[in-house]
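I have placed the structure first, in the form of C-alpha cells, so that the comments after it can refer back to it.
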Amino acid sequence: MSQPILSIRNLVKTYPNGVRALKGVSFDVKRGEFLVIIGLSGSGKSTLLRCLNRLHEPTSGEIIFRSESDGMRKEFDIAKAEGKQIYEVRRKIGMIFQHFNIIERHSVINNVLYGSLGRTSAWRSILGLYSQEDRRKAKDYLDLVGIGDKAHYRASQLSGGQQQRVAIARALMQSPEILLADEPVASLDPATCHTVMDYLRKVNTELGLTVICNLHFLSLVRQYGTRVIALKAGELVYEGHPNDIDEAWFARIYGEGAREVHVN
Amino acid sequence: MSETGGKIRRTIFDAIVFAYLVIFVLVAIMRPDSDELIEQMGFNVALFFGLAFMGGVISLAVSAKGIKTLGEVIYAPAHRRTVSDPDTPLWQTFWGVQLILALIATFVLGWVLTEVNPLLLIEAEPISQAMRLFAEVADPDWSILPKAIMKIIESIFIAFMATAFAVPIAFVLSFISARNIMGKSPIGMVIYTLLRVSFNLSRSIEPILWAIIFTIWVSFGPFAGMLALMVHSIASLAKQYSEIVEGVSDGPIEGIEATGAGRLQTVWFAIVPQIVLPYISYTIYRWDTNLRMATILGFVGGGGIGTMLMEYQGQSRWPQVGTIIVVMAFVVWVMDAFSSHVRAAIK
C-alpha cells in the first residue's frame, strides 16, 4: 500500500485572541480516500481544513504532503512552506466552501477559469488572456458537473446547488491532488445536497482525487465517507469507518442528549 | 476600547462638563466682557483646570458609588454598556441631569455668542433695503448670460478634472489604507495609520483654503482651483474607498486565495468586483460635490463662475448677480439630479 498523501502530526492552532482551535491533532490521509471530518460547530473542523492549505497559519506541528503531480514525486512539510511555496500548496489543494465563495458578479466560465490563477501570471489573468487549453478545460469541467449550458450566465443567476458545482469546477481547474470541502452542503436544501455530494463522490472515484470533507449530518457521512475522523474541542476523538459510529460514540462526539437528524 | 481607556475618557469627559457648567454659572453672574477674559487668560485656564480636577474627582466618587455619569454613558466599553431602566425618567438620573444642564448652558451661551437678535429682522429701514436688493436680483440681466455660461462650463470642468485626477490616486491609496489588507503586518499598520492621519488632516482643510495656497503656488486661475479640489478629493475618496474595501466579504477572498492566486490577483478578482459599484457611486457624488465647491472657489482666485460672482457682487450690480445665481442653481440642480439618479440606478 502506498504512503499516505498527508501525514498530520501534533497540529496546533492558537488564534491571536487566545482561542485554542486545535490542540495537537495527528492523523493520516490515504491517497484516493473520501475522508469525512465530523464534530460540533467550533470543534476546529474548519480551522483544520484551512491549516491544510495555509489559508490559516498553523501555530506548530507538521503537515507532510507527498505530492505526485506533474510526474514528480515531492515530499515536504506544508506547515513550514514559505513565500511562493504557499501558493504552490494552495494550487495543488482545491477547496470548496459552505457559502461557495465564487465571484457572483462574474460569469460562470470566468469563475471556473479563476481556478487557473495559480499557474497564470498576474497580468495575463487581469487582461483575461487564458490559454486555449485552459479555456477548453474550463468548459470540460463545467460539463462534468452538469452545467455546461450555463457557462455564460452571471454566477449570481444560478441556484445555490449550481453555484457549488461552479465552485467544484473551479477547484478541479487547479488540477489538484486533494480537494478540501468545508461544509459543502450546509447551506443547501436536502434534495440539492445529494446532487452536490454525488458530484464530490464522482470526482473522488472517477478522477481519483483525495477528498477531505467537513460534514454535519451523520447520514451523509455514512453514505459518502470511506473513513471518518471526529474532532471535539480541538482534539481528535474518533477515527474509523463511518458505519462503526454507534450511539455511544455519537454521544461522546456530540455530547449527551444530542439526537441524530436524518437528511435524505 | 480597553477598560482603563474607557475609564480615563469617562473621567476626562465628566471633568470637562463639570468645569464647563461651573464656569458658565460664574460668567453668568460676573458678566465679564471678552477683553477682560482675554487679559486674564492665564488665570482662566488655571481656573478651568482646577475645576476640571474637581470634576474628575467628583466623577470618580460618583462612579465608585455605582451611579452612571454622562461620561460613562458615552465612553463605557461595549460589554459594560447596560440598557437604562426605561421607567426612570431622564431628569431623575444623574447622567440625564448632566446632559440637560449642559444642553441648556450651551444653547444660552450660543444665543449670546452668535448675537441672536430677532428684533433686527423686523426693523423697517433694513427690510426695505433688503427688499430692494431682492427685487434687483430677481430681475436678472440676461445680457451677461453667454459670459456666465462660459464661466460655469469652466467650473464644471474644474470639478471634472479634479475628480478625474483624484480617482486613480485614491484608488491605489484605498487598498494600502484599508485595515483588512494592511493589518496583517506591523509595517502595514504603520502605513495604514500614517495614511489615515494624513487623509484626515488634508480633509480637515477646506478646499477654499487649499485654493488660497495654490493661487500662491501656481498663480490665480482655474488650475489653482482644480488643484485645491483635487487634494481635497484624493483624501475624501481614499477614505471612503478604503472603508468600502474594509467592508468587503471575506468569502470570495478565501475562494480566490485557495486557488493559489497571488496578492494582486486576489485584490483584482476577489475585492475589485465587490467594490466597483460603490466606487462609481462615491465618485459621481464627489464630482457633484466638487461642482458646488468649484462655483465658489473663484472668490479666492480659483477660477470658474465664482470669479464673476465676486466681481459683480463687489460692484453691487445685483441684476448681474441674479443671472449668475440662476445659472449656478440650474447647473447644480441638474448635476444633483443626474448624480442621484445614477447612484440609485447602480445600487
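In the order they appear, the protein sequences are chains E and U.
The opening residue of the first sequence carries number 27 in the working numbering; numbering runs sequentially from there.
The opening residue of the second sequence carries number 318 in the working numbering; numbering runs sequentially from there.
By construction, the Cβ of each residue, glycine as well, lies at the ideal position given by its N, Cα and C atoms.
These figures come from a predicted structure and were not determined experimentally.
Please report the straight-line C-alpha distance between residue i and residue j, rounded to a whole angstrom.
| i | j | result |
| --- | --- | --- |
| E/H242 | E/I112 | 29 Å |
| U/I597 | U/S460 | 39 Å |
| U/G427 | U/A345 | 13 Å |
| E/G187 | E/T218 | 6 Å |
| U/D458 | U/T624 | 17 Å |
| U/P636 | U/F451 | 9 Å |
| E/D270 | U/F586 | 44 Å |
| E/I152 | U/Q582 | 7 Å |
| E/E88 | U/V334 | 59 Å |
| E/R80 | E/A105 | 8 Å |
| U/T640 | U/P463 | 10 Å |
| U/R513 | U/M506 | 10 Å |
| U/V339 | U/A369 | 10 Å |
| E/G172 | E/L139 | 16 Å |
| E/D208 | E/S72 | 6 Å |
| E/R131 | E/A177 | 13 Å |
| E/L155 | U/V617 | 51 Å |
| E/E101 | E/S33 | 11 Å |
| U/E571 | U/I530 | 46 Å |
| E/N127 | U/F482 | 34 Å |
| U/R449 | U/Y629 | 17 Å |
| E/F60 | E/P268 | 11 Å |
| E/I134 | E/V192 | Residue identity check: residue 134 of chain E is Val in the sequence provided, not Ile. Distance between the alpha carbons of E/V134 and E/V192 is about 7 Å. |
| E/Y280 | E/K258 | 8 Å |
| E/A212 | E/N240 | 10 Å |
Does any residue of chain E have a CB that is nearer than 8 Å to the CB of residue i?
| i | result |
| --- | --- |
| U/P498 | Correcting the residue type first, residue 498 of chain U is Ile in the shown sequence and not Pro. Answer no: the Cβ-Cβ gap between U/I498 and chain E never drops below 8 Å. |
| U/P569 | yes |
| U/T576 | yes |
| U/F586 | yes |
| U/G564 | no |
| U/P590 | yes |
| U/I573 | yes |
| U/L581 | yes |
Skipping 5 residues on each side, what residues in its chain have a beta carbon closer than 8 Å to that of residue i?
| i | result |
| --- | --- |
| U/I384 | F411 |
| U/I663 | L594, I597 and S598 |
| E/L214 | G186, G187, Q190 and V222 |
| U/V562 | S491, F492, A495, N497, I498, I588 and I592 |
| U/I573 | Q582, T583, F586 and A587 |
| U/Y337 | A419 and A422 |
| E/F276 | L244, A284 and E286 |
| U/A393 | G323 and R327 |
How far does the alpha helix (DSSP H) with residue i in it extend, from its first residue to its last?
| i | result |
| --- | --- |
| E/K39 | Note, E/K39: premise wrong, no alpha helix (DSSP H); beta strand (DSSP E) at L32 to T40. |
| E/N240 | Unbroken run through E/N240 is the beta strand (DSSP E), T236 to N240; no alpha helix (DSSP H). |
| U/F655 | W635 to A662 |
| U/S460 | Run containing U/S460: none; DSSP gives neither H nor E here. |
| E/A207 | It is not in any alpha helix (DSSP H) - E/A207 instead sits in the beta strand (DSSP E) that spans I204 to D208. |
| E/H220 | P216 to E232 |
| U/W534 | P524 to V535 |
| U/E571 | D567 to E574 |
| U/K556 | P539 to E563 |
| U/V593 | V589 to L614 |
| U/P443 | A441 to V454 |
Are the C-beta atoms of residue i and some chain U residue less than 8 Å apart?
| i | result |
| --- | --- |
| E/L153 | no |
| E/N240 | no |
| E/G70 | no |
| E/Q111 | no |
| E/K39 | no |
| E/G174 | no |
| E/E114 | yes |
| E/Q188 | no |
| E/M121 | yes |
| E/Q200 | yes |
| E/R161 | no |
What are the start and end residues of the beta strand (DSSP E) that includes residue i?
| i | result |
| --- | --- |
| E/V51 | R46 to V55 |
| E/I255 | R253 to K258 |
| U/G383 | Taken as a continuous stretch (DSSP letters only), U/G383 belongs to no beta strand (DSSP E), as it is neither H nor E. |
| E/Y156 | Segment: none, E/Y156 is in no beta strand (DSSP E) and carries neither H nor E. |
| E/G266 | E261 to G266 |
Quick one: residues in its chain with C-beta nearer than 6 Å to the C-beta of residue i, no 5 flanking neighbours on either side, listed in chain order?
| i | result |
| --- | --- |
| U/S472 | A611, T612, G621 and I622 |
For residue i, which residues in the same chain have their Cβ closer than 7 Å to its Cβ, ignoring the five residues on either side in sequence?
| i | result |
| --- | --- |
| U/D605 | M652, D653 and S656 |
| U/S502 | none |
Restricting to runs no shorter than 4 residues, where is the alpha helix (DSSP H) found entirely within the stretch 64 to 134 of chain E? If one requires a minimum length of 4 residues, the alpha helix (DSSP H) runs lying completely within the stretch 64 to 134 of chain E are 71 to 78 and 110 to 118, in chain order.
For the stretch 484 to 516 of chain U, which residues have a beta carbon sitting closer than 7 Å to at least one beta carbon of chain B? In the displayed structure, chain B is absent; the protein chains listed are E and U.
Quick check on the DSSP output: what are the complete alpha helix (DSSP H) runs of length 4 or more inside the stretch 326 to 367 of chain U, in order along the chain? Those alpha helix (DSSP H) runs which fall completely within the stretch 326 to 367 of chain U and span 4+ residues are 351 to 356.
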